[in-house]
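Please read the structure below before turning to the comments.
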Amino acid sequence: MKLYLFIIHANNKKAQKTWKAVKEILSAEDVPYRSYYTESEGHALEIAKKISYINRDQIEAIITVGGDGTIHEVINGLKDMPEVPVGFLPGGSGNDIIRGLGFNKKKSLAYILKRRLLNKRNPNKIIDAGVLSFPGNKRRKELFVSTAGIGFDGEVTKLTNRSWYKKWFQRFGAGNFAYTVSMFRLLFSYKPVDAAVTVDGCEHQFSSVWLIAAGNMPYYGGGMKICPSARPDDGLLELCIVHGLHPLKLLFLFVTVFSGNHKELDGVTILEGRRISIASKVPLTVQADGELLGTTPVECYVIPSALSIKV
1 MKLYLFIIHA NNKKAQKTWK AVKEILSAED VPYRSYYTES EGHALEIAKK
51 ISYINRDQIE AIITVGGDGT IHEVINGLKD MPEVPVGFLP GGSGNDIIRG
101 LGFNKKKSLA YILKRRLLNK RNPNKIIDAG VLSFPGNKRR KELFVSTAGI
151 GFDGEVTKLT NRSWYKKWFQ RFGAGNFAYT VSMFRLLFSY KPVDAAVTVD
201 GCEHQFSSVW LIAAGNMPYY GGGMKICPSA RPDDGLLELC IVHGLHPLKL
251 LFLFVTVFSG NHKELDGVTI LEGRRISIAS KVPLTVQADG ELLGTTPVEC
301 YVIPSALSIK V
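Throughout the sequence shown, residue numbering follows the UniProt record's numbering, covering 1 to 311 in sequence.
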């Protein structure tokens with residue numbers, strides 16, 4: 001009998017609450033499962049790596065209960081088992097990956113489990129994965145599901161992850177506001193830099209770059225539609241480069257980004273391609289799926305049809 005394997009972000013109260021309800025449904029439906037609880041940052045990655053040594057024939061699906069960071073770790077831990085279906089239940093602050101997959105928040109947890117994640121007749125969705133590699137470490141390749149961000153948003157992520165207020169907001173189910181607070185704290189102190197962006201062999205030079213986002217999906221930062229036309233099944237990454245703006249104009253951009261209308265503004269360039277490299281004179285912070293990964297220079301490319309997702 002195949003098992004459903006659940007990886008739960010144990011330090012997140014929202015994830016704990018979701019998992020409590022999930023267990024009741026699993027017991028009522030007599031679903032065979034095994035659960036794993038994360039204990040620290042990076043633990044979901046290690047759990048997924050250990051799971052990858054289990055016989056594939058014993059696994060029905062792996063389901064995360066957590067946020068984008070938990071999903072990011074699990075996907076990277078399962079690099080050797082890309083054919084294993086992975087499902088997601090929301091339990092974080094941003095939940096941009098689930099949002100990008102069209103997750104319907106209006107549906108009950110029981111409906112999502114019974115009709116979607118546990119329904120063997122429900123076809124899996126095959127999606128692309130983005131990959132980040134750092135020239136200084138040729139062996140390191142980091143998969144991402146939603147969006148990679150470079151520059152200002154990387155610094156916002158860094159500040160938020162180190163802040164006391166992120167957990168405070170999460171207690172009230174308003175984790176997204178932590179990123180907003182960090183953005184305002186950095187808005188007038190961050191110094192944009194010049195950057196070279198090469199897309200499929202064509203080089204573009206940009207002055208005073210605030211941020212560069214590479215999207216496999218449209219969203220990041222808790223619902224910001226930064227790469228509005230990005231699709232996880234087209235074999236492409238969409239790039240959004242924000243450059244040459246006064247901080248107050250950047251603030252206006254963030255007002256419009258939730259609808260995707262920022263793409264019409266001056267200082268916003270949208271590109272798309274399969275392979276991208278980014279270089280800057282000053283190292284820029286790189287994050288993906290809300291996880292800090294390193295600094296520029298960085299290369300980014302897409303692997304078509306890389307992941308099997310239960311939605």
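For every residue, glycine included, the Cβ atom is placed at its ideal position computed from N, Cα and C. Source: prediction; values computed, not measured.
Less than 7 Å separating the beta-carbons of L186 and P247? No. Outside cutoff.
Straight-line Cα distance separating I25 from K225: 33 Å
May I have the straight-line CA-CA distance separating N176 from G94, to the nearest angstrom? 6 Å
So, are the CB atoms of S280 and V193 less than 7 Å apart? yes
Which ranges would you report for the beta strand (DSSP E) in the stretch 137 to 185 if only whole runs of at least 3 residues count? 137 to 144, 147 to 151
Per DSSP, what kind of secondary structure is K79 in: helix, strand or coil? In this structure, K79 counts as coil in the three-state DSSP scheme.
Note down the Cα distance separating N12 from V22, rounded to an integer number of angstroms. 15 Å
Hey, out of P123, I71, E29, E291, whose CA is closest to K114's CA? Among P123, I71, E29, E291, the Cα nearest to that of K114 is on E29.
Rounded to the nearest angstrom, how far is the Cβ of T256 from that of L250, given a contact under 8 Å? Not a contact, Cβ separation roughly 11 Å.
One question on the structure: do L15 and V74 come within less than 7 Å of each other, judged by their Cβ atoms? Note that residue 15 is Ala in the sequence shown here, rather than Leu. The answer is no: Cβ separation not under 7 Å.
State whether the stretch 152 to 172 contacts the stretch 286 to 299, with contact taken as three or more CB pairs (one from each stretch) at a distance under 8 Å. yes
Here's the rule: buried if 16 or more other CB atoms are within 10 angstroms of the residue's CB, otherwise exposed. What is residue 312? It is not possible to answer for residue 312, since the shown part of the chain is limited to 1 through 311.
CB S146 to CB D96, shorter than 7 Å? yes
Distance, N76 Cα to L101 Cα: 18 Å
List the endpoints of the continuous alpha helix (DSSP H) containing I25. Judged by DSSP secondary structure, I25 falls within the alpha helix (DSSP H) whose first and last residues are 13 to 29.
Given A129 as reference, the closest of L109, H72, P123, I150 once Cα atoms are compared: When each option's Cα is compared against that of A129, the closest is H72.
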